[in-house]
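A short worksheet on the structure shown next.
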Amino acid sequence: MLLNLLIDFILIGIPAFYFYKFRKAKTLKKILREYGLFFRSGKKDFLSSVLIFAELFAASIAISLVLSALGLNDLGNVTNVIETVKKTAPLLLIYIFLVRIPAEELFFRSFLTKKLGIWPQPLKLHRSLS
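If you want our numbering, it's the 1-based position in the sequence shown plus 517.
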């Protein structure tokens, strides 16, 4: 668990330090803005969120149907892994959903994408996982 906390601290801390040191974002509000976390208006943000969720949901269903038709859908394996984690370490599952996933999204989307661009991301991630 300590290793998980360290990884998440690094994923959030490195960009925050960079924004503070090199982008001159000296306040928490400016650092959050560098991460892309800012609000325009409640109604506009809510509508944008609903639209993005609907688009992602539709794309997910379409991809799942295509993969199922090709016999490549592995949702059963994912379900089995989640069930195993849920039975053995439910707090870890909660931690992953509440902390790890947002930390990784902030790091990759807010920091690396601005530094490297969008196309090298999958290649870098693939190399790091190999």
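All residues carry an ideal CB built from backbone N, CA and C; glycine is no exception.
#1: Tell me which residues share the same chain as S647 and place their Cβ nearer than 6 Å to its Cβ, disregarding the 5 neighbours each side in the sequence.
#2: Using DSSP with H/G/I as helix, E/B as strand and the rest coil, what is K543?
#3: Near R540, what residues of its chain come up, given a Cβ to Cβ distance below 7 Å and the 5 sequence neighbours on each side ignored?
#4: Under 8 Å by Cβ, that's how I've got S581 and L592 pegged, so tell me the actual separation to the nearest angstrom.
#5: Please say whether L528 and F614 have beta carbons closer to each other than 9 Å?
#6: Please give me, in chain order, every unbroken run of the alpha helix (DSSP H) with length at least 4 that falls completely inside the region 555-607.
#7: Exposed or buried, what is F534 when buried is set at 16 or more other beta-carbons lying within 10 Å of its beta-carbon?
#8: Is it buried or exposed for F536, if we count other Cβ within 10 angstroms and need 16 for buried?
#9: Does P532 pass the burial test, meaning 16 or more other C-beta atoms within 10 Å, or should it be called exposed?
#10: S647 by DSSP, collapsed to three states: which one?
#11: Rounding to the nearest angstrom, what Cα-Cα distance links T544 and F526 in this structure?
#12: Under a Cβ-count criterion, where at least 16 other Cβ atoms within 10 Å of its own Cβ denotes burial, should F628 be classed as buried or exposed?
#13: Looking at the secondary structure, which residues open and close the alpha helix (DSSP H) in which I618 lies?
To lay it out plainly:
#1: Caution is warranted here: a pLDDT of 45 is assigned to S647, below 50, making its placement in the model unreliable, and the coordinate value is therefore given only provisionally. Same-chain partners within the cutoff: there are none.
#2: In the three-state scheme derived from DSSP, where H, G and I count as helix and E and B as strand, K543 is classed as coil.
#3: E551
#4: 7 Å
#5: no
#6: 559-587 and 592-605
#7: exposed
#8: Classification of F536: buried, given that the 10 Å Cβ count is 16 or more.
#9: So P532 counts as buried.
#10: Here S647 scores only 45 on pLDDT, less than 50, and its place in the model is too uncertain to base an answer on.
#11: 19 Å
#12: buried
#13: I618 to E622
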